[in-house]
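**Student:**
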Amino acid sequence: MARKLMKGNEAIGEAAIKAGCHLFFGYPITPQNELPEYMSKRLPEIGGTFVQAESEVAAINMVYGAAGTGSRVMTSSSSPGISLKQEGISYIAGSELPCVIVNIVRGGPGLGGIQPAQSDYFQSTKGGGHGDYKLIVLAPSTVQEMVDLVQEAFDLADKYRNPVMILGDGMLGQMMEPVEFKEREIKKVDHSSWATVGMGDREKPNIVNSLYLDPQELEDHNHKLQRKYDEITANEIRYETYNCENAEIILIAYGTTARIVQDVIPMAKEKGIKLGLIKPITLWPFPYDVFNDYVDSTKAFLSVEMSMGQMVEDVKLAVNGKKPVHFYGRSGGMIPTPEGILENVIEVLGGLE
Amino acid sequence: MQEAAHGRAPAVATGIKRAIPESIVFTYQGDGDLASIGTAEIIHAAARNENMTVIFVNNAIYGMTGGQMAPTTLPNQRTTTSPRGRDVSSAGNPLKMAEMLATIDGPAYIERTTVHNIKGISRTKKAIQKAFQNQVDKKGFSLVEILSTCPTNWGMTPVESLSWLEDNMMEYFPLGVYKDIEEEK
Ligand SMILES: Cc1ncc(C[n+]2csc(CCOP(=O)(O)OP(=O)(O)O)c2C)c(N)n1
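What follows is the structure in structure tokens.
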């Protein structure tokens, strides 16, 4: 199929439709408006449904309802709106419903700004709402990757009956790049054992809930969820490594920041510094184990983020004290420059000698 | 000035007013803010008859975020999320907030005005003055809904938008006093 120039936010919408998602519930917020706007135009053309909810709280509960019927459903928002969705997300995770939630992150806290940021890492990967639960969190760094991951997200959601979050940022949502929608078959999953689609021939109704008043039952439910999270961790970790063999310093970056770091690698080479990059694609489950491959050969790790330091905590867990772990971040919509990152690398190297 | 999260101004104002009852407290809210995400907060502030003033600017669209459908967007009105015009069968019907809030026993004063012409502007000034005087006099919750234009997101010139307001919005959102406890006496 031919490549098409598309804005990140619109490409997400088209990817979702191609993955069989015909239901979208949203609420306006910058910098993701192009996505619901695209869905409001496209979905009626294909017999799908777009509803602009009265709030993000309502939108995520519409998703809960639709997901409970086993339908492919998506919502999107940006940071303050995603905060409002946390209650619903916890219910969706607790009830084990499949859906896709897109967060085009902007700077916070509070109303913050509308420029790109990565400051929702904790909220996304550590369970932003109440209770013990995990989202599968996918972090694309190009519009093409966003398209591929959105399509995959629906399959993962169905396979594990778990909400999947696409964690982008204002830059990825707003940028235009050529994309190709690969032909892929829509995996039909049989949800008839749990989805609320009417009694049919059933003797007992399917019930979607997350209430377990008996503490032992609730603990059993939590163990069941945990076994699922272990299975996801065993099967679904995705990351890329660049130039890590014998790198003096390995940088860790995801999304937009990973692209910037890729530009720093040749700049550093000119100065005689060998840099590597580990780019996590699943932020949860986090690729802890890949660090073992390089921890002996590298001098130090440097986590580069558009935040005040969030993913760096997972990097520290992965490195487990074996080598120094440093952090460099910009926040509030300020974007790290290749020069700024390189300066930091040189500082880290100086400190090592 | 305290900034509130989208829709929550009546709750924030309640907190300020209950902490310092002598202070004069008002909220300034758009239609997306007051009639969509913040519907619960405005209804319950009115029901509690919080002694505050609400300035509610109704321009039938989400302005700040770039022209999406609002709860007050008129039937068949085109916006970026109702590209074929608001279809009430799937996108719902516009909310008439002044009328709705006037059904609640709590509020002291609710009026809808317009600022698209000189007469409307002077009427609006009087209404705002009254809404604040009520608060000074401890009469209770007072709200002025002000019909207003948004040329940028309506895709019109300022002059065109004035007549669009008069020809379309005023019919759906009739001007007038919907509640006034003074007149009820
Ligand atoms: C929780 C949350 N969701 C969404 C937004 C984005 N947002 C900012 S202002 C606004 C509404 C704008 O419309 P309206 O209230 O009618 O005011 P106007 O700009 O038209 O004056 C929205 C949705 C936000 N700030 N917070």
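So the protein lines, in turn, are chains A and B.
Numbered per the numbering used here, the first sequence spans residues 44 to 396.
Numbered per the numbering used here, the second sequence spans residues 549 to 733.
Quick reminder that beta carbons are idealized off the backbone N, C-alpha and C, glycines included.
Keep in mind that this is a model prediction, so the values were computed, not measured.
1. If you measure from the beta carbon of M617 (chain B) to each beta carbon in chain A, is any gap under 8 Å?
2. Taking 8 Å as the limit between beta carbons, can you name the residues of its chain near Y70 (chain A), skipping five residues before and five after?
3. Using the three-state DSSP reduction, which class does R556 (chain B) fall into: helix, strand or coil?
4. Determine, using beta carbons only, whether L154 (chain A) comes closer than 8 Å to chain B.
5. Going along the chain, which residues of its own chain have a beta-carbon closer than 7 Å to the beta-carbon of V338 (chain A), five neighbours each way excluded?
6. Count the other C-beta atoms from every protein chain shown that fall within 10 angstroms of the C-beta of P722 (chain B), then say buried if there are 16 or more, exposed otherwise.
7. Examine the Cβ distances between the stretch 280-288 of chain A and the stretch 154-166 of chain A and report whether three or more of them are shorter than 8 Å.
8. Are the CB atoms of I295 (chain A) and A343 (chain A) within a distance shorter than 8 Å?
9. Classify E88 (chain A) as buried or exposed, calling it buried when 16 or more other Cβ atoms lie within 10 Å of its own Cβ.
10. So, with DSSP's three-state summary, where would you put W327 (chain A)?
11. Quick one: residues in its chain with C-beta nearer than 8 Å to the C-beta of T672 (chain B), no 5 flanking neighbours on either side, listed in chain order?
12. Whose Cβ in chain B lies nearer than 9 Å to the Cβ of Q129 (chain A)?
13. Rounded to a whole number of angstroms, what is the C-alpha to C-alpha distance between P619 (chain B) and G611 (chain B)?
14. One question on the structure: do A54 (chain A) and V180 (chain A) come within less than 8 Å of each other, judged by their Cβ atoms?
15. Give a single yes or no on whether T613 (chain B) has its beta carbon closer than 7 Å to a heavy atom of ligand 1.
16. Spell out whether any CB of chain A is found under 8 Å from the CB atom of G611 (chain B).
17. I want to see whether chain B comes within less than 8 Å of K84 (chain A), judged by CB atoms only; does it?
18. Within 10 angstroms of its Cβ, does P558 (chain B) collect 16 or more other Cβ (buried), or is it exposed?
19. Span of the beta strand (DSSP E) holding T299 (chain A)?
20. For P699 (chain B), decide whether its Cβ has a neighbour in chain A, counting only Cβ atoms nearer than 8 Å.
21. Does the beta-carbon of K50 (chain A) have 16 or more other beta-carbons within 10 angstroms, so that it is buried, or is it exposed?
22. Going by beta-carbon coordinates alone, are I321 (chain A) and C287 (chain A) separated by less than 8 Å?
23. Any contact between the stretch 564-584 of chain B and the stretch 593-612 of chain B? By contact I mean 3 or more CB pairs, one from each, below 8 Å.
24. Can you give the Cα-Cα distance for G108 (chain A) and E382 (chain A), rounded to whole angstroms?
25. If you run the structure through DSSP and keep just helix, strand and coil, what is A588 (chain B)?
26. Once you ignore the five residues that flank V636 (chain B) on each side, which residues in its own chain have a CB closer than 6 Å to its CB?
27. Near M645 (chain B), what residues of its chain come up, given a Cβ to Cβ distance below 7 Å and the 5 sequence neighbours on each side ignored?
28. Would you say N597 (chain B) touches ligand 1, meaning its beta carbon is less than 7 Å from a heavy atom?
29. Since E659 (chain B) is in the beta strand (DSSP E), which residue starts that stretch and which ends it?
30. How is V106 (chain A) classed by DSSP in three states: helix, strand or coil?
31. Looking only at DSSP bridge pairs, what is L294 (chain A) linked to?
32. I'd like to confirm the pairing. Which residues does DSSP put opposite V145 (chain A) in its beta bridges?
33. Which chain A residues are close to S584 (chain B), counting only those with a beta carbon under 7 Å from its beta carbon?
34. Short check: CB of L326 (chain A) to CB of Y371 (chain A), under 8 Å?
35. Measure from the alpha carbon of L127 (chain A) to the alpha carbon of each residue in B:I585, B:L649, B:H592, then state which is nearest.
36. Between E80 (chain A) and chain C, is the shortest Cβ-Cβ distance under 8 Å, so that the two count as touching?
**Tutor:** From the atom records:
1. Yes, because at least one Cβ of chain A sits closer than 8 Å to the Cβ of M617 (chain B).
2. P79, Q95, A96, E97, S98, E99, A101, A102, S120, G124
3. coil
4. yes
5. V362, K365, K366
6. exposed
7. no
8. I295 (chain A) is positioned such that its CB atom lies no closer than 8 Å to that of A343 (chain A).
9. exposed
10. strand
11. T661, T662, V663, V692, I694
12. Within chain B, no residue comes near Q129 (chain A); the closest Cβ sits about 14 Å away, beyond 9 Å.
13. 13 Å
14. Not closer than 8 Å, so no.
15. yes
16. By this cut-off, G611 (chain B) is not an interface position.
17. yes
18. buried
19. Here T299 (chain A) belongs to no beta strand (DSSP E); instead the alpha helix (DSSP H) covers 298-313.
20. no
21. The residue in question, K50 (chain A), is buried, as its Cβ has 16 or more Cβ neighbours within 10 Å.
22. yes
23. yes
24. 48 Å
25. helix
26. P623
27. Excluding positions up to five away in sequence, the list reads L582, A583, F604, E693.
28. no
29. Segment 657-662, the beta strand (DSSP E) holding E659 (chain B).
30. helix
31. In the DSSP output, where bridge partners are listed per residue, L294 (chain A) has A:L320, A:L345.
32. A:S119, A:I209.
33. E97, S98
34. No, the Cβ-Cβ distance between L326 (chain A) and Y371 (chain A) is not below 8 Å.
35. The residue with the shortest Cα to Cα distance from L127 (chain A) is B:I585.
36. Going by chain labels, chain C is absent from the structure shown, which instead holds the protein chains A and B.
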